[in-house]
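Enquirer: Last residue of the sequence shown: number 265 in UniProt numbering, and the count goes up by one each step with no gaps.
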Amino acid sequence: MFAAPPPLRLAVPAASIRPRPLHFAAPACHSRRVALPSLLQCRAQLRTAVLVSGGGRSLENLLCHFTSSTLVQICLVIASREGCGAIERARRFLVPVRVISPRSPVDVRAFSEAVSAELDAQRVQLVVLAGFIHFYHIPDRYANRVMNIHPALMPSFCGRGYYGERVHRAVLAYGAKVTGVTVHFADNEYDHGPIILQRAVAVHEDDTVETLAARVFAEECRLLPQAIELWATQRLRIEGRRVRILPAAESTHAPSSATTAMGDA
1 MFAAPPPLRL AVPAASIRPR PLHFAAPACH SRRVALPSLL QCRAQLRTAV
51 LVSGGGRSLE NLLCHFTSST LVQICLVIAS REGCGAIERA RRFLVPVRVI
101 SPRSPVDVRA FSEAVSAELD AQRVQLVVLA GFIHFYHIPD RYANRVMNIH
151 PALMPSFCGR GYYGERVHRA VLAYGAKVTG VTVHFADNEY DHGPIILQRA
201 VAVHEDDTVE TLAARVFAEE CRLLPQAIEL WATQRLRIEG RRVRILPAAE
251 STHAPSSATT AMGDA
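(1) Out of A44, V95 and R145, which one is the CA nearest neighbour of L62?
(2) Give me the Cα-Cα distance between P155 and H184, rounded to the nearest whole angstrom.
(3) With C-beta atoms as the reference, is A227 less than 8 Å away from V127?
(4) So, for R169: in the same chain, excluding its five sequence neighbours on each side, which residues have a beta-carbon less than 8 Å away from its beta-carbon?
(5) So, G131 versus R89, is the Cβ gap smaller than 8 Å?
(6) Threshold first: 3 residues or longer. Then list the beta strand (DSSP E) segments lying entirely within the region 45-85, N to C.
(7) Taking A213 as the reference, give the member of V146, L51 and V178 with the closest Cα.
(8) Which residues mark the beginning and the end of the beta strand (DSSP E) in which L223 is found?
(9) Helix, strand or coil, according to DSSP, for R199 in the structure here?
(10) Per the DSSP calculation, M147 is bridged to which residue(s)?
(11) Buried or exposed for S68, going by 16 or more other Cβ atoms inside 10 Å?
(12) May I ask you to report which of helix, strand or coil DSSP gives E205?
(13) Ignore the nearest five residues each way along the sequence and tell me which others in G240's own chain have a CB closer than 6 Å to its CB.
(14) Kindly identify the DSSP beta-bridge partner or partners of I87.
(15) First and last residue of the alpha helix (DSSP H) that includes V167?
(16) Can you tell which of E113, V99 and T70 has its C-alpha closest to the C-alpha of C84?
(17) Helix, strand or coil: which one does DSSP assign to V243?
(18) Give me the Cβ distance between D191 and G159, rounded to the nearest whole Å; I'm assuming they're in contact under 8 Å.
(19) Are the beta-carbon atoms belonging to N148 and L119 less than 8 Å from one another?
(20) Whose C-beta lies closer than 8 Å to the C-beta of V203 among residues of the same chain, with five residues either side of it excluded?
(21) Using only the alpha-carbon positions, how far apart do L36 and E229 sit?
Take a look at the structure:
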């Protein structure tokens, strides 16, 4: 039985970053066959970090999807608060967890620098925001390398304060007939970067926030892994505000050099 990678708890004060003590917890339900790709696979896989703040359902979907993948390795999970459900989900898959908690009032620069330092340390190539509710200021070196998923069809029902059930409640209150899912490249504005993939979800007459959220989440589970795989196989090219999906024949299928397929936003 493997011991789970210990979560490094980091707090971000206004002027400095001090690591907290390590915590150890061994997963009880997984064998040595789980989420441990060979060294040969690791060299070829796209090193991906997932940033989370909540229960981690989207994270677990990605962990399940990419457990046996030769394209993508989820090598790091960064949680913005202690005790969120996503931490335990990551532990079960033996993925290293770091907790970086912004102080109040939030120092965005210090918080973002702490996140970026962890990404650098793990040699992360792609960052996925999966229910990450804090603003992360993306440095130039991670431009076009951060994906976000939003539970509506951008540019509708998006922006600061639109996350989770708030989005579905707004959709129902407005009387919209169609909502959906958007995967996009994040930039330094809320829900603003170039759109990679979208999928529509019909709003039913008898929908509640819960029933609508369930159908939207089912589409999220399909769309986000698809977008990550497109990036890993160099099939995405940014042309201004548009993201063009290249035919498979035009890609090199080399995750280690995936950024060469990305144009300037």
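Idealized CB from N, CA, C, for every residue including glycine.
Expert: Reading from the atomic positions:
(1) V95
(2) 11 Å
(3) no
(4) V209
(5) no
(6) 46-52 and 72-79
(7) V178
(8) Segment V209 to A232 is the alpha helix (DSSP H) holding L223; no beta strand (DSSP E) there.
(9) strand
(10) V128 and F185
(11) exposed
(12) coil
(13) none
(14) Answer by DSSP bridge pairing: none, since I87 is not bridged.
(15) E165 to Y174
(16) V99
(17) strand
(18) 5 Å
(19) no
(20) V171, L172, A176, K177, V178, T179 and L212
(21) With a pLDDT of 38 at L36, under the threshold of 50, the modelled position of that residue is not reliable, and the figure given next carries that caveat. Near 19 Å, if we compare the C-alpha coordinates of E229 and L36.
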